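Notes follow the structure.
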DNA sequence: GGTTATCCTACCTTCCCGGTAGGAATGCTT
DNA sequence: AAGCATTCCTACCGGGAAGGTAGGATAACC
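Protein chains in written order, with the working numbering: chain A, 117 to 267; chain B, 117 to 267.
If you want it as structure tokens, here you go:
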């Protein structure tokens, strides 16, 4: 298992929101009950989604959460990144904008060339990120479930 | 970080073996020292590789490990699977040859259709497995390091 | 004002990762 | 045969994170 339940649960919440009519916010309690997940735990996850500006929140009675954008405009890469953090298969590949972190293999001044395993992990990372970016929330909700209001 | 150091270290060991002349086994202690990794820990990992029949072992003096097959015939998918176990991004996708495990969303008799998030995770899994299967150990070792004996 | 909900912080518990330890088995070498 | 090098096996352990709980503060609606 490579992703934690943060991603698993969080994606479900997003899918649930996408499946609902977005005209009014959905209370997290309703989602928790429908999905059979602990409310208190979902609260943590949805906060991440909110800070990433993927959902809007309304407090108070009849409050809840709603997608900040149409489902088709929210890539799964954004969702997973918000929940799980940076997408990197191994520490070797962990983001270093400044390139400070090199595989321990590269410490020796690069005489032996770059870490031979780096190629593998960058490719794996690339393929994961690419497939996540190719999908949006709207790809998760079957047509029948989508609001057919405007039909 | 999605893969543990088991995969990271184990792949390094395999890459090291692939880079060495395979005519005689390499002691794990030498690899541990060269890669700067704890020997006692590598022993665990290399046992997994051995049980998966990816490496051959020879005990006693001048013993060690060697690839069981030419590097080009060992896919990285095999290596990672041996080290990390089944490749599944989330529990939802965890292998059930018999299909017994369904997402909790699918418990309700499937009235609401299959778990909407399943599509996402199966695609992610597919892309990971595919890229791992496309690469072999020989892709990790630069030409210069490869034995140019038979040239 | 009371109710409904989000928001925030702190805590707790269980699991597994990364690593250690110690020895038994095996095979060279002398 | 003795000794050494190395794999093999089992057990153990400490720390950290994941998964989850608790309690209250804040905000909006009625």
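Note that CB positions come from ideal geometry on N, CA and C, so glycine has one too. Fair warning: this is a prediction, and the values are worked out from it, not measured in the lab.
- Of the residues B/176, B/181, B/256, B/138, the one whose Cα lies closest to the Cα of residue 158 of chain B is B/181.
- Between the C-alpha atoms of residue 197 of chain B and residue 203 of chain B there is a straight-line separation of about 6 Å.
- For the C-beta of residue 257 of chain A, the chain B residues within less than 7 Å are, from N- to C-terminus, 232.
- One thing to note: residue 199 of chain B has its Cβ within 8 Å of the Cβ of residue 161 of chain B.
- CA-to-CA, the gap between residue 117 of chain B and residue 119 of chain A works out to about 9 Å.
- Residues of the same chain with a CB within less than 6 Å of the CB of residue 187 of chain B, apart from the 5 flanking positions on each side, are 134, 253, 254 in chain order.
- DSSP places residue 128 of chain A in no beta strand (DSSP E) but in the uninterrupted alpha helix (DSSP H) bounded by 121-135.
- Residue 150 of chain B and residue 233 of chain B have their C-alpha atoms spaced approximately 43 Å apart.
- Contact of residue 208 of chain A with chain B is assigned, a C-beta pair being separated by under 8 Å.
- Looking at B/246, B/256, B/243, B/190, the one whose alpha-carbon comes closest to that of residue 169 of chain B is B/190.
- Within 10 angstroms of the beta-carbon of residue 167 of chain A lie fewer than 16 other beta-carbons, which makes it exposed.
- Below 8 Å, enough C-beta pairs join the segment 233-252 of chain A and the segment 234-254 of chain B to call them touching: three or more.
- Within the model, the alpha-carbon separation for residue 201 of chain B versus residue 183 of chain A is close to 36 Å.
- Near chain A, meaning a CB-to-CB distance below 7 Å, the residues of the segment 233-245 of chain B are 233, 235, 236, 239, 240, 243, 244.
- Interface annotation for the segment 124-145 of chain B against chain A: 124, 127, 128, 131, 135, criterion Cβ-Cβ distance under 8 Å.
- Of all residues in the segment 179-205 of chain B, only 192, 203, 204, 205 place a beta-carbon less than 8 Å from a beta-carbon of chain A.
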